[in-house]
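A.B. asks: Respectively, the protein sequence lines represent chains A and B. With the first letter of the first sequence counted as 1, position 148 gets the number 147 in numbering that gives the first Met the number 0; the numbers rise by one all the way through. With the first letter of the second sequence counted as 1, position 326 gets the number 325 in numbering that gives the first Met the number 0; the numbers rise by one all the way through. Take this structure, written in structure tokens, and hold onto it; I'll ask about it next.
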Amino acid sequence: MSGNVFFRMEKINKFYPMGEEQAHILKDVDLEIREGEYLSVLGPSGSGKSTLMNIIGCLDTATTGRYTLQGQEMEDLNEVELAAIRSREIGFIFQNSQLLPRLTAQKNVELPLIYAGVPPKERKRRAREMLVKVGLQDRMGHFPNQLSGGQQQRVAIARALVGNPSILLADEPTGALDQKTGRQVMALFRELNDEGRTIIMITHDMNIAANARRVVHIIDGVLTEGGDGTDA
Amino acid sequence: MLKKIRGTMVMIKECFAMSLRNILSNRVRSFLTVLGILIGVTAVIALITTVSGFSGTLSSSFLSMGAGTLTVSVTGSDLKSGLTAGDLNALAEELDAVEGVTPTVNFRTRVARGGSYKTNITVSGKNAYYFYRNADTVGRGRKLNIVDENNMSPVCLISQTMVDEFFFGVDPVGNTIHISGIPFLVVGVLGDSSSESLVQLLSGNADILIPYTTALKMNSANVVTSFTVYLKDGVDSEKASDQLEEKLDALFSYEEDCYTVTTMSSIEDTMNSMLSMVSTLLAGIASIALVVGGIGIMNMMLTTVTERTVEIGLKKALGAIPWQIQIQFLIESFLLSMIGGLLGVLLGLALSFGLCQVMGMTFHLSTGAIALGVGFSAAVGIIFGWAPARKASKLNPIDALRSV
Chain A
0 MSGNVFFRME KINKFYPMGE EQAHILKDVD LEIREGEYLS VLGPSGSGKS
50 TLMNIIGCLD TATTGRYTLQ GQEMEDLNEV ELAAIRSREI GFIFQNSQLL
100 PRLTAQKNVE LPLIYAGVPP KERKRRAREM LVKVGLQDRM GHFPNQLSGG
150 QQQRVAIARA LVGNPSILLA DEPTGALDQK TGRQVMALFR ELNDEGRTII
200 MITHDMNIAA NARRVVHIID GVLTEGGDGT DA
Chain B
0 MLKKIRGTMV MIKECFAMSL RNILSNRVRS FLTVLGILIG VTAVIALITT
50 VSGFSGTLSS SFLSMGAGTL TVSVTGSDLK SGLTAGDLNA LAEELDAVEG
100 VTPTVNFRTR VARGGSYKTN ITVSGKNAYY FYRNADTVGR GRKLNIVDEN
150 NMSPVCLISQ TMVDEFFFGV DPVGNTIHIS GIPFLVVGVL GDSSSESLVQ
200 LLSGNADILI PYTTALKMNS ANVVTSFTVY LKDGVDSEKA SDQLEEKLDA
250 LFSYEEDCYT VTTMSSIEDT MNSMLSMVST LLAGIASIAL VVGGIGIMNM
300 MLTTVTERTV EIGLKKALGA IPWQIQIQFL IESFLLSMIG GLLGVLLGLA
350 LSFGLCQVMG MTFHLSTGAI ALGVGFSAAV GIIFGWAPAR KASKLNPIDA
400 LRSV
């Protein structure tokens, strides 16, 4: 794992107004990710891991500190510029897959490309390719409620990958799945990482975190390096 | 740049498809939402089309009767309160644009026969020339002629209404009827001159026609204050009007404001402008329904935005910029409103078609009204969809996704 530095966080602090006080969610977080890494952020609920994911995913910005993604400073970007970076660099996978119920699997996968302005023909081709890649070639015309939880999550993974992002950002990707399908998803992640895809996975489950090649712990907003995932 | 525009077009097309799916997936709610717009557009279209049909019918009937005549109404001066029979003859003979003159001496009185009577009947005095020009007014019997006129004969023509009123099962011609207590011989019955019915309706239909000289005598008058001038074929009514005014000025010793000359086209103009005013007013009232419909759409869109918070957050996470979210919701409210508007146009046209059939008027497909209906609903959709769409575009993706 000696790719270029993909992003670097230095002394990131995040405060949220909570009533009269300021909640200190992230405390001096330093984190560096290289291309091709497979990292999991392990922490209990309320530890600040979701906030960390939002900042990594450019959905939110830090209160203080420096976040550099692909050499670009995030602090002074506006909403439109952040959206462009999300569209180009980041593929999100959420806990409940978050597919749009009225669109078919293929249309769901096409969604990020629609916003990126990709022409229909290319869009359809790429969406089909991705669905084949996650093993859903015979489910393309199905609606989300016709798919099992595992299949839904795989559609979500295809959707995250279709824009060919630099990094895959997964928030509790197996949270809503049973053990078996969870393992299948993890196998798929490992496969993607073997192909050179950078993956960051956020979870509270130590067993799931162990699938990653590198694990960091976050407790009460403090990030500590946990060493190699295989040792954890 | 070109690629960017093309990308935007593609996105907008997708937005239309997605919006249509959203609208159709909730048919009952969507229908109830567009009902306000539907009713508003229906009302506006029906009103405008019906009024334009009415004014079209009016114009054509004016055209059929009014061409080539001038109507003069005399208020008179201190020295001369009206025109005498001699003055009228002079007008007819001396002005080369004039073919003939028909005085009108109207009064309302009591009419009786045998034991029955009726009050407030309009009796109109006409001359022989009137019957020469309007031969079809006489349905049965004879016209009033120059002898009746010169002798101030107590003879009359009566309308079908009067026949029904006083002559049940009796032939009226040759019988006597009492007008203001004076016995009149009925010499004829007026026919239904259908082409003029609407105009006669508007100008007050006379039920009894008598010689105008007789009418003057009954009114103890010797001057005429209202008459119609028939122009020769192909004479410009404006020119003839000038000629007539010159002559009348001389008769009234050049005093001001003794008379008014009205051409049929000027009456028609006044009529049309009145009608268009009425239709504008009615359409204005009906457009209140459009505003109410717009509020309905706004309400529905605000609810939709709240319901789809997660979807919005997700789309933002997938790289949608605020503008793209806004256009999507704007398209949805635009589509909703347009569906209501188009249904309203169809319903409104059907309604006014039915109305025109019932009222015996010609149905005019007014493209202006259709454009107005469609344009109005498009505008309502965009104006009232703006705030909800803006709200959606401003949603913070983190908050949106957290509400899972």
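By construction, the Cβ of each residue, glycine as well, lies at the ideal position given by its N, Cα and C atoms.
Could you tell me if Ala16 (chain A) is buried or exposed, where buried requires 16 or more neighbouring beta carbons within 10 angstroms of its beta carbon?
C.D. replies: Rather than Ala, the amino acid found at residue 16 (chain A) in this sequence is Pro. Classification for Pro16 (chain A): exposed.
A.B. asks: Indicate the three-state DSSP secondary structure (helix, strand or coil) for Met17 (chain A) in the structure shown.
C.D. replies: Residue state, collapsed to three classes: strand.
A.B. asks: Name the two residues that bound the continuous beta strand (DSSP E) containing Asp170 (chain A).
C.D. replies: Counting along the chain, the beta strand (DSSP E) containing Asp170 (chain A) begins and ends at Ile166 to Asp170.
A.B. asks: What residues from chain A crowd round Thr7 (chain B), counting only those whose CB sits closer than 7 Å?
C.D. replies: Within 7 Å Cβ-Cβ: Gly116.
A.B. asks: Closer than 8 Å between beta carbons: that is the criterion. Which residues of the segment 165-177 of chain A meet it against chain B?
C.D. replies: Correct list: empty, as no residue qualifies.
A.B. asks: For Met360 (chain B), count neighbouring Cβ atoms within 10 angstroms of its own Cβ and tell me buried if that reaches 16, exposed if not.
C.D. replies: Burial call: buried.
A.B. asks: I want to verify the contact list: residues of chain A whose CB lies under 9 Å from the CB of Arg469 (chain B), in sequence order.
C.D. replies: The question about residue 469 (chain B) has no answer, for chain B in this structure spans 0 to 403.
A.B. asks: How many Å lie between Thr136 (chain B) and Phe165 (chain B) at the Cα?
C.D. replies: If you take the alpha carbons of Thr136 (chain B) and Phe165 (chain B), they lie about 20 Å apart.
A.B. asks: Can you round the beta-carbon distance between Ala205 (chain B) and Thr101 (chain B) to whole angstroms, since I take them to be within the 8 Å contact cut?
C.D. replies: About 13 Å; that fails the 8 Å criterion.
A.B. asks: At 7 Å on the CB atoms, spell out the chain A contacts of Leu313 (chain B), in chain order.
C.D. replies: Simply Gln97.
A.B. asks: So the alpha helix (DSSP H) Cys14 (chain B) belongs to, where does it begin and stop?
C.D. replies: Unbroken alpha helix (DSSP H) run through Cys14 (chain B): Leu1 to Ser24.
A.B. asks: Which residue or residues does DSSP assign as beta-bridge partners of Val221 (chain A)?
C.D. replies: Beta-bridge pairing links Val221 (chain A) to A:Ile218.
A.B. asks: Can you tell me the Cα-Cα spacing of Ser193 (chain B) and Gly138 (chain B), whole angstroms?
C.D. replies: Confidence at Ser193 (chain B) is low in this model, with a pLDDT of 46, below 50, so its placement is unreliable and no value can be given for it.
A.B. asks: Ignore the nearest five residues each way along the sequence and tell me which others in Ser218 (chain A)'s own chain have a CB closer than 8 Å to its CB.
C.D. replies: Note that residue 218 (chain A) is Ile in the sequence shown, not Ser. Within the same chain, Ile218 (chain A) has close Cβ partners Gly42, Pro43 and Ser46.
A.B. asks: Taking the DSSP output, what are the residues bridged to Leu30 (chain A)?
C.D. replies: Bridge partners of Leu30 (chain A): A:Met8.
A.B. asks: Given this structure, state the Cα-to-Cα distance separating Leu1 (chain B) from Met8 (chain B), to the nearest angstrom.
C.D. replies: One C-alpha to the other measures close to 11 Å.
A.B. asks: Hey, does Ile397 (chain B) have any beta-carbon neighbour from chain A nearer than 8 Å?
C.D. replies: Chain A, which has a Cβ nearer than 8 Å to the Cβ of Ile397 (chain B), makes this yes.
A.B. asks: Alpha carbons only, please: which of B:Val40, B:Gly35 and B:Ile4 is nearest the one belonging to Leu346 (chain B)?
C.D. replies: Residue B:Val40 is the option with its Cα nearest to Leu346 (chain B).
A.B. asks: Relative to the C-alpha of Glu190 (chain A), which candidate in A:Ala211, A:Ala175, A:Leu176 and A:Asn206 has its C-alpha closest?
C.D. replies: Nearest option by C-alpha distance: A:Ala211.
A.B. asks: Go ahead and pull the three-state DSSP assignment for Gly190 (chain B).
C.D. replies: The answer is coil: DSSP assigns Gly190 (chain B) none of H, G, I, E or B.
A.B. asks: Taking only beta-carbon positions, decide if Ile320 (chain B) is within less than 8 Å of chain A.
C.D. replies: It does: the Cβ of Ile320 (chain B) has a partner Cβ on chain A nearer than 8 Å.
A.B. asks: Which residues of chain B have a Cβ atom closer than 7 Å to the Cβ of Asp59 (chain A), listed in chain order?
C.D. replies: Chain B residues near Asp59 (chain A): Ile397.
A.B. asks: Quick check: is the beta carbon of Val368 (chain B) nearer than 8 Å to any beta carbon in chain A?
C.D. replies: According to the sequence as given, residue 368 (chain B) is Ala; it is not Val. Output row for Ala368 (chain B): interface = no.
A.B. asks: Name, please, each residue of chain A whose Cβ falls closer than 8 Å to the Cβ of Glu310 (chain B).
C.D. replies: Simply Leu99.
A.B. asks: Hey, quick one: how far does the alpha helix (DSSP H) through Cys355 (chain B) stretch, first residue to last?
C.D. replies: Where Cys355 (chain B) is concerned, the enclosing alpha helix (DSSP H) stretches over Pro321 to Met358.
A.B. asks: Using DSSP bridges, identify the partner residues of Val169 (chain B).
C.D. replies: Answer is none; Val169 (chain B) lacks a bridge partner.
A.B. asks: Got a sec: which bits of the segment 15-47 of chain B sit with their beta carbon under 8 Å from any beta carbon on chain A, in order along the chain?
C.D. replies: Residues Met17, Arg20, Asn21 and Ser24.
A.B. asks: Please look up how many angstroms separate the CB atoms of Gly116 (chain A) and Gly318 (chain B), rounded, as I've assumed it's under 8 Å.
C.D. replies: With a Cβ gap of about 10 Å, Gly116 (chain A) and Gly318 (chain B) do not count as contacting.
A.B. asks: When DSSP labels each residue in this structure, what does Asn221 (chain B) get in the three-state scheme?
C.D. replies: Three-state DSSP puts Asn221 (chain B) in coil, outside helix and strand.
A.B. asks: Would you mind listing the alpha helix (DSSP H) stretches within the segment 27-53 of chain B that are 4+ residues and don't spill past its ends, in chain order?
C.D. replies: Correct list: empty.
A.B. asks: Using the beta-carbon of each residue, which ones in chain A are nearer than 8 Å to Gln325 (chain B)?
C.D. replies: The premise fails here: Gln325 (chain B) is roughly 12 Å from chain A at the closest Cβ pair, so nothing lies under 8 Å.
A.B. asks: Would you call Arg153 (chain A) buried or exposed, if buried means 16 or more other Cβ atoms sit within 10 Å of its Cβ?
C.D. replies: Buried, since its Cβ has 16 or more Cβ neighbours within 10 Å.
A.B. asks: If we define contact as Cβ-Cβ less than 8 Å, is Lys3 (chain B) a contact residue for chain A?
C.D. replies: At least one chain A Cβ lies under 8 Å of Lys3 (chain B).
A.B. asks: Anything in chain B within Cβ reach of Phe142 (chain A), meaning under 7 Å, just list it in chain order.
C.D. replies: The premise fails here: Phe142 (chain A) is roughly 11 Å from chain B at the closest Cβ pair, so nothing lies under 7 Å.
A.B. asks: If you follow the beta strand (DSSP E) that Ser72 (chain B) is part of, which residue opens it and which one closes it?
C.D. replies: Unbroken beta strand (DSSP E) run through Ser72 (chain B): Thr68 to Val73.
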